[in-house]
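Numbering-wise (my numbering), the sequence shown opens with residue 16 and increments by one.
Just so you know, even glycine gets a beta-carbon here, dropped at the ideal spot from N, CA and C.
Please read these numbers as outputs of a predicted model, since none were measured by experiment.
Here is the structure we will look at.
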Amino acid sequence: MLYFSLGAAVLAPLAVHAGTFYKCTGASGKILFTNTQQQGGKTTCVVLFQQREPPGAAPSRGRHDRSPRASATPTPGDFPRISGNEQRARDGERRAILEKELNSELENLAKARKLAATAGASPNVQAQRDTAALHERNIKALQKEIGNLR
């Protein structure tokens, strides 16, 4: 029994992967949902979801595996296809929408910074700073999305 317990303790960290999600509760009662089990302290974690590998499947190599692989379910022959020109038009529309959203976020950021600067020592200065930080994060996300376009 002792060997079984030691073996389980050694192999347990190997079983944890990105497909496992936990609900962890800290000593203060704060709840955290995460894909990594929290260690130490008075934190208790419960597995909410664990992705199982199909029998005979190779172990997952994580996000850095960029090797091509066959689709689990092949595309049916009668699946609708679109032309390259139509896809380029859709991509152009998407870029235009993202750029419009980016310009809107830039304007909102400028307004939020102006309000934060004029708030001085008022009680809502932190709310204005939080709003400006939100717009900054949105801008970074939109720039990243635009950079990912073909």
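Pairing K38 with V62, the inter-Cα distance amounts to about 7 angstroms. Judged by beta-carbon spacing, L124 lies within the 9 angstroms limit of E151, meaning their Cβ atoms are closer than that value. L157 is a Cβ neighbour of E120, given a cutoff of 9 angstroms. Put simply, the backbone Cα of R128 is about 15 angstroms away from that of N153.
Boundaries of the beta strand (DSSP E) around K38: 35–40. For I154, the uninterrupted alpha helix (DSSP H) segment begins and ends at 140–163.
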